[in-house]
Amino acid sequence: MSAHAESQSYPKPSLTADVVVIAPEVGVGGSGQGLQVLLIRRGKDPYQGSWALPGGFCDPGESVEQAAARELEEETGLRGVRLEQVYTFSEPGRDPRGWVVSVAHLALIPPRRLNEARAGDDAHEARWWPIRPLADLGYRLESETELAGRLAFDHDEVLRKALARLARDVDLFASDLLDERFTEADLARMRDLIEALGGGAP
3 MSAHAESQSY PKPSLTADVV VIAPEVGVGG SGQGLQVLLI RRGKDPYQGS
53 WALPGGFCDP GESVEQAAAR ELEEETGLRG VRLEQVYTFS EPGRDPRGWV
103 VSVAHLALIP PRRLNEARAG DDAHEARWWP IRPLADLGYR LESETELAGR
153 LAFDHDEVLR KALARLARDV DLFASDLLDE RFTEADLARM RDLIEALGGG
203 AP
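For the sequence shown, our numbering assigns the number 3 to the initial residue and increments by one for each residue that follows.
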């Protein structure tokens, strides 16, 4: 059997790219009083109506980085954002549509770009959700009037991994969450915010 024929005989997973978009809260200045994550409300099954991270399937001939950038723009309107690969999620049963492997990415947005986010494609709504630290080193997603609840698929775990990565490399990433002009005090405050959310994550 040729190498090509042998490769065709193996079952193959579908490949997706998801993006965890983190930003300072709106209206709190350069360093911020908290961090928030951009979620979309899914417009179709599975998990229609549930909150999820932006993302979707890779097209043929497309890298996961290209798919992540395309899906982010299609579903939220954000473009030209630096993407950092975080983790590959391949747990069997993580997606009810079948065998799906997802490569998660982290995107950091400064305050000046917050208003660029808008729902598009199959996203019914796009919204920034404040991330509130809990005493057990976890977090909850809570607006003034609503709790996000459990996210679609395994996106709660994806978010935890991204926050852990952000905290682990806080010196590398903290300035990306600030506008171009910031003080050392702003940077120190941002480090504290990141470490409070990600320090206890796996």
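From the three backbone atoms N, C-alpha and C, an ideal C-beta is built for every residue, glycine too.
Annotation: the continuous beta strand (DSSP E) that includes residue 85 extends over 85-91. Excluding residues up to 5 positions away in sequence, 193, 196, 197 lie with their Cβ nearer than 7 Å to the Cβ of residue 172 in the same chain.
Here DSSP, grouped into helix, strand and coil, assigns residue 52 to coil. The C-beta separation of residue 108 from residue 22 comes to about 5 Å, placing the pair in contact by the 8 Å criterion. In its chain, beyond the 5 residues on either side, 26, 181 have a beta carbon closer than 6 Å to the beta carbon of residue 113. Counting every other CB atom within 10 Å of its CB across the protein chains shown gives residue 185 a total below 16, marking it as exposed.
Taking 7 Å as the cut-off, the beta carbon of residue 130 is found closer than this to the beta carbon of residue 38. In the three-state scheme derived from DSSP, where H, G and I count as helix and E and B as strand, residue 10 is classed as helix. The continuous alpha helix (DSSP H) containing residue 164 extends over residues 157-170. Look at the beta carbons and you see the stretch 12-21 not touching the stretch 118-132: under three pairs across the two are nearer than 8 Å. Membership of residue 129 in the beta strand (DSSP E) is indicated by the continuous run 125-135. Residue 18 has 59, 104 as its beta-bridge partners, per DSSP. With contacts defined by Cβ atoms closer than 7 Å, residue 77 and residue 123 form a contacting pair. Going by DSSP, residue 183 is part of no beta strand (DSSP E) at all; its letter is neither H nor E.
About 15 Å separates the Cβ atoms of residue 106 and residue 42, ruling out a contact at the 8 Å cut-off. If you ignore the 5 residues before and after residue 15, its C-beta comes within less than 7 Å of the C-beta of 101, 102, 103, all in its own chain and listed in chain order. In this structure, residue 199 lies away from residue 132, with their beta-carbon atoms at least 7 Å apart. When the alpha-carbon of residue 167 is set against those of 190, 128, 86, the nearest one is in 86. Going by C-alpha positions, residue 97 is about 6 Å away from residue 155.
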